[in-house]
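Notes follow the structure.
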Amino acid sequence: MAINELTLPVRHKPALRGVPVWPAVTGALVCGAPLIAVMGLAIFGTWTDYLIHIAQTRLMSYVLNTLVVGGLAALTAGMGGAVAAWCIARYRFPGCSWLEWGLALPLAMPAYGAAYAWYDLTQAGGPLGFLPTVNGPIGAGLIFGFTLYPYVYLLARETFSGQSVDAYEAARTLGCSPLGAFWRAALPMARPAIAAGLALVIMESLADYGAVVHLGAPTLSVGLMRAWAGEGSTPDAARIALLLVSITFIIFAFERQQRARARMTNPAGHTRPARPVTLGGPKAWLVSALCALPLVLALILPLGRFGWRALNTHTHTHLIESAFNSLMLAGLAGLIAAAFGLAAAYALRSKKPLAVFAARLAGLGYAVPGAVAAVGVMIILSGVQMGLDGFWHLNTGSPFPLLLTSGVFALLFAYLSRFAAAAIGPSESALSRVTPSLDGAARTLGASPLDVVRKIHWPLISSGTILSGLLVFVEVLKELPATMILRPFNFQTLAITAHNYASDERLGEAALPSLCLVLLALIPMIWIARTMVARHKTPSGLDNSGRVQS
Amino acid sequence: MSLPRLLTSTTLACGLIAILTACAPRSDQEVGEAVVNVYSARHYSSDAQVYAAFTEETGIQINLVEANGDLLIERVKQDGLRSPADVVITVDAGRLYRAEQAGLFQASDLNGALDQVPATLKHPEGKWFGFATRARVIAYSAERIDPSELHGYEDLADPKYRGRVCMRSSDNVYNQSLLAAMVEKQGEEAAEAWANGVVHNFARPPQGGDSDQISAIAAGQCDLALVNHYYYLRMARSNDGDVKAQADAVTLFFPTSETEHTHVNVSGAGLAAGAPHREAAEIFLQYLLSDKSQRAFAELTNEFPVIETVQYDNPSLAQIADFESEPINVNALGENAGTAQRIFDRVGWP
Chain G
1 MAINELTLPV RHKPALRGVP VWPAVTGALV CGAPLIAVMG LAIFGTWTDY LIHIAQTRLM
61 SYVLNTLVVG GLAALTAGMG GAVAAWCIAR YRFPGCSWLE WGLALPLAMP AYGAAYAWYD
121 LTQAGGPLGF LPTVNGPIGA GLIFGFTLYP YVYLLARETF SGQSVDAYEA ARTLGCSPLG
181 AFWRAALPMA RPAIAAGLAL VIMESLADYG AVVHLGAPTL SVGLMRAWAG EGSTPDAARI
241 ALLLVSITFI IFAFERQQRA RARMTNPAGH TRPARPVTLG GPKAWLVSAL CALPLVLALI
301 LPLGRFGWRA LNTHTHTHLI ESAFNSLMLA GLAGLIAAAF GLAAAYALRS KKPLAVFAAR
361 LAGLGYAVPG AVAAVGVMII LSGVQMGLDG FWHLNTGSPF PLLLTSGVFA LLFAYLSRFA
421 AAAIGPSESA LSRVTPSLDG AARTLGASPL DVVRKIHWPL ISSGTILSGL LVFVEVLKEL
481 PATMILRPFN FQTLAITAHN YASDERLGEA ALPSLCLVLL ALIPMIWIAR TMVARHKTPS
541 GLDNSGRVQS
Chain X
551 MSLPRLLTST TLACGLIAIL TACAPRSDQE VGEAVVNVYS ARHYSSDAQV YAAFTEETGI
611 QINLVEANGD LLIERVKQDG LRSPADVVIT VDAGRLYRAE QAGLFQASDL NGALDQVPAT
671 LKHPEGKWFG FATRARVIAY SAERIDPSEL HGYEDLADPK YRGRVCMRSS DNVYNQSLLA
731 AMVEKQGEEA AEAWANGVVH NFARPPQGGD SDQISAIAAG QCDLALVNHY YYLRMARSND
791 GDVKAQADAV TLFFPTSETE HTHVNVSGAG LAAGAPHREA AEIFLQYLLS DKSQRAFAEL
851 TNEFPVIETV QYDNPSLAQI ADFESEPINV NALGENAGTA QRIFDRVGWP
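Protein chains in written order, with this note's numbering: chain G, 1 to 550; chain X, 551 to 900.
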């Protein structure tokens, strides 16, 4: 209790004075610029009666579908992700070392890919036609839940592994069943991580266009694309995008408020991680099957369908070149995002209003459908181009080289602005585990702010940072609209190749590039999973007791 | 990975970007060189073949960006005067209309080659033209529908087919263009009555693509649907026995009566207003109308050539090619696209 009281005054002080936050703030503002451009387009674009028309006709059904799809996705991904993470972190069962990283793989399957495959499998006359057809808002919500649960899984697993076993054991001692103790002690402590994962799940589901159109679940993002494609009004599309962003913003403002109320740092000042329990018998196999289920539904069955179709189709070439391009873009974006996410997490921790505003603004880019985000990027780039042209002309007599079509700069900018949330979330969640009292203790012992970051924080948050990089890596592998429109000439990626075929209803030809996409995502995932697992096994990661939990 | 190593790799990455940016080709310096920059919303294997043959025959290199039509238009707009685009290609007349309205095209008669294209399939002032057409037709169950009872698109709205019609979402541009053509021909009110009738005949909420509607008919979920002809032909020519069997259970009906003809849309191209390589671009556009290209579109993507005299080796396509298309200029599809979409919204066709 005494320790707990001691920590209280430190809590509300801005941590780490002296670590500069301005680079992160600048970065976040730059990332948020395309969203500002979209807002500008919404406000200053031509006003027509389209919004009135849509309000009178379909707005309500868009909003309802959006709520159903987002809610169901969050529910499925939250439950699936958290339970899988708990099983992996606390139990040993057949296949668990394989599932530990395998469970993250469905992230590599674009939601629209899974949607096409499941619809193809379960529609009337399909091989699984005896099942209810996967369609409508419920089908779409489930598809998002199963393809996006790894966000929750990855963040929650990280937390459960590092979580002290004290609370869980106390709950068990007080008579809770293992399930009850999980529900009442372990889960609430992982709430920041689960919330950060769910934030990504919901934003991505709401911003999706391909899957919801195919499954017949028109959400707001469909309404937005109709304003653009049918009515030909980009400003109205931007307005509906803002509505979408506002909904997301409200959900997360609410979540953050809840989270702030229940602070989950460990007052004991030390952690005593659990030793995993080895399960035996039918129980072990049951847990194996349970954990493998999401993987089968989200990845193996859809890929199997693609593969089966591919066998019956003549396939094509250029895959190696596309794979190289995908890997280069995703790798670069992942590295930059990891660094940016870390910096932004510190900026958020400083609680400086400008820093918090900038980081939250940058994070909102994720809630905007990719195509609209791409328009925001184009507006910014063309503005910058005009400025540079003028400046360059004065000095050299010729205009500045084109920003678009002249390399991957525009693409990386677009990715960072769109996926800033995925970059910031894991680092922020990891940093939230670093108690303020740790800072205080280190500073009292004479450590400089940078020392604190390097020696105390980094070992605790490095996996979160690497996770940021990984999430952005995988997102960029799958990303479509921005890549399609901002890429240099004659530049293919795997996602574009797969999408071109799938959108033309050629599933068989889309299969091979999709397979390659998943294989590419595998490489960093295996590496990262191994790094993480190895670190958890080092002596410093384990606490003194070495007791086996029962 | 330690913090210093992470920082080092990030710095290296940033350096790499700088190099990549610096080394990338600068389109400005290519003016006058034999190159044409193509923005295309198509991504068919026939195109790759046509482009390769073009480069081989003319020595002109093609720089290609493929993306969705709306995004392409937005990009050319944002690029403004500095746009490197020479040619913009889309798969729908509505998009070509919109690009033209935004001032993105310039007129050209392609040294007379444009005269070969029927008047209904090109912009009245020659700012863009169709180089291949696709018909949107009725697919019906060969088993459950008597073709002698079919007359035209109005059948889809006939109350006797209640609960027997499968449709794709009205987000789909092909549906929009079909309704836009009806607005042009019969007026907004009649078009709305038709759409309303179709909605009442839905066998299920709109979902899936064109091929999925064909599969649904084959599986007995419904009896009638609207599809683009080439999806059907692709299924009918498939090596996959199951897919072929689905197509075999379905037949296409091309509306051809005194009052109504088959609705066609175009894959079309236009010369960009600020084309930096105008001459090469015109040669390229002409090439799209050459015998070789027209043949490739017919044989590889099952599209109808716009030049009727072109001979091609595709018996399945030739078999259905004999139909009369609606004698309205496809430009009208763009003019009425907004009206069509609002009708869909009002009648509740998702």
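Glycine is no exception: its CB is placed at the ideal position from the N, C-alpha and C atoms.
Cβ-Cβ separation, residue j to residue i (assumed contact under 8 Å), whole Å
i: residue 617 of chain X; j: residue 485 of chain G; result: 5 Å
i: residue 125 of chain G; j: residue 796 of chain X; result: 7 Å
i: residue 494 of chain G; j: residue 158 of chain G; result: 28 Å between Cβ atoms; not a contact.
i: residue 420 of chain G; j: residue 370 of chain G; result: The Cβ separation is near 14 Å, so there is no contact.
i: residue 106 of chain G; j: residue 150 of chain G; result: 6 Å
i: residue 811 of chain X; j: residue 875 of chain X; result: 6 Å
i: residue 822 of chain X; j: residue 604 of chain X; result: With a Cβ gap of about 17 Å, residue 822 of chain X and residue 604 of chain X do not count as contacting.
i: residue 340 of chain G; j: residue 27 of chain G; result: 5 Å
i: residue 184 of chain G; j: residue 171 of chain G; result: 6 Å
Closer than 9 Å at the beta carbon, the chain G residues around residue i
i: residue 749 of chain X; result: What residue 749 of chain X touches in chain G: nothing, since even the nearest Cβ is about 13 Å away.
i: residue 760 of chain X; result: 505
i: residue 703 of chain X; result: Correct list: empty, because the minimum Cβ distance to chain G is about 20 Å.
i: residue 650 of chain X; result: The premise fails here: residue 650 of chain X is roughly 12 Å from chain G at the closest Cβ pair, so nothing lies under 9 Å.
i: residue 616 of chain X; result: 484, 492, 496 and 500
i: residue 815 of chain X; result: Result: empty, since nearest Cβ-Cβ is about 15 Å, beyond 9 Å.
i: residue 636 of chain X; result: Here the premise fails: no neighbours, minimum Cβ distance about 11 Å.
i: residue 826 of chain X; result: Correct list: empty, because the minimum Cβ distance to chain G is about 11 Å.
Amino acids of chain G, ordered along the chain, whose beta-carbon sits closer than 7 Å to that of residue i
i: residue 661 of chain X; result: By Cβ distance, chain G contributes nothing, its closest Cβ being about 26 Å from residue 661 of chain X, past 7 Å.
Local conformation of residue i per DSSP, three classes
i: residue 112 of chain G; result: helix
i: residue 775 of chain X; result: strand
i: residue 134 of chain G; result: coil
i: residue 695 of chain X; result: coil
i: residue 444 of chain G; result: helix
i: residue 104 of chain G; result: coil
i: residue 688 of chain X; result: strand
i: residue 786 of chain X; result: helix
i: residue 864 of chain X; result: coil
i: residue 748 of chain X; result: helix
i: residue 819 of chain X; result: strand
i: residue 873 of chain X; result: coil
Chain G contact for residue i (CB, 8 Å cutoff)
i: residue 756 of chain X; result: yes
i: residue 773 of chain X; result: no
i: residue 587 of chain X; result: yes
i: residue 719 of chain X; result: yes
i: residue 781 of chain X; result: yes
i: residue 863 of chain X; result: no
i: residue 765 of chain X; result: yes
i: residue 630 of chain X; result: yes
i: residue 613 of chain X; result: yes
i: residue 885 of chain X; result: no
i: residue 746 of chain X; result: no
i: residue 593 of chain X; result: yes
Interface flag, residue i vs chain X, CB-CB below 8 Å
i: residue 215 of chain G; result: yes
i: residue 374 of chain G; result: yes
i: residue 10 of chain G; result: Note that residue 10 of chain G scores 37 on pLDDT, short of 50, meaning its location in the model is unreliable; the coordinates nonetheless yield the value given after this. False, the Cβ-Cβ gap to chain X never drops below 8 Å.
i: residue 53 of chain G; result: yes
i: residue 24 of chain G; result: no
i: residue 312 of chain G; result: yes
i: residue 399 of chain G; result: yes
i: residue 362 of chain G; result: no
i: residue 225 of chain G; result: yes
Under 7 Å from the C-beta of residue i: neighbouring residues of chain X
i: residue 60 of chain G; result: Result: empty, since nearest Cβ-Cβ is about 11 Å, beyond 7 Å.
i: residue 378 of chain G; result: 624, 625 and 628
i: residue 346 of chain G; result: Correct list: empty, because the minimum Cβ distance to chain X is about 12 Å.
i: residue 382 of chain G; result: 628, 629 and 630
Contact set between residue i and chain X, taken where Cβ atoms lie within less than 8 Å
i: residue 228 of chain G; result: 620
Closer than 9 Å at the beta carbon, the chain X residues around residue i
i: residue 123 of chain G; result: 757, 758, 762, 765, 766, 769 and 771
task: Taking only runs that begin and end inside the stretch 588-660 of chain X, name each unbroken beta strand (DSSP E) of 3 or more residues, in chain order.
output: 611-616 and 637-640
message: Restricting to runs no shorter than 4 residues, where is the alpha helix (DSSP H) found entirely within the stretch 447-511 of chain G?
response: 458-478, 481-486 and 494-503
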